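Per the numbering used here, the sequence shown starts with residue 177, numbered consecutively. The beta-carbon is built from N, C-alpha and C at its ideal position, and this holds for glycine as well. Owing to the predicted nature of the structure, the values given are computational and were not obtained by experimental measurement. First comes the structure, then the notes that go with it.
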Amino acid sequence: MANVAGLAVSTVQKIWKTHGLAPHRWRRSKLSNDPGFAGKLRDVVGLYVSPPAHALVLSIDRKSEIHALDRTQPGLPLKKGRGATMTRRTGVRQG
């Protein structure tokens, strides 16, 4: 980035730090190998950058990042005065 902008690496690092940016920590996405991807990308980004008057822009993700997990064991039996409890999967991140 520094080379393209004609700046020193330290200058780019200072700019990032000033604005709380850390692009090296971002997860990378896979880009489509669709030959028309660049044009489609421009169309979508254009809607966000310069939306038409009275436009509604919706974004729909085909693959949800949230998955419901089945329980590994049934709920524990109730005791007098206590609500039902459920077990959690051990070793699986819960949030």
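### Backbone CA spacing between leucine 232 and glycine 257 [nearest angstrom]
51 angstroms
### Message
Among Asn209, Met177, Leu234, Leu254, whose alpha-carbon lies nearest the alpha-carbon of histidine 200?
### Response
Met177
#### Entry: Distance between lysine 206 and tyrosine 224 (C-alpha atoms, nearest Å)
21 angstroms
### Query
Looking only at its own chain, which residues have a Cβ that is under 8 angstroms from the Cβ of glycine 182, when we skip the five neighbours before and after it?
none
### Query
Can you list the alpha helix (DSSP H) stretches of 4 or more residues lying completely in the region 186 to 242, in chain order?
213 to 225
### Query
Can you give the Cα-Cα distance for tryptophan 192 and glycine 212, rounded to whole angstroms?
32 angstroms
### Task
Determine the direct distance from the alpha carbon of serine 235 to that of alanine 184, and round the result to whole angstroms.
38 angstroms
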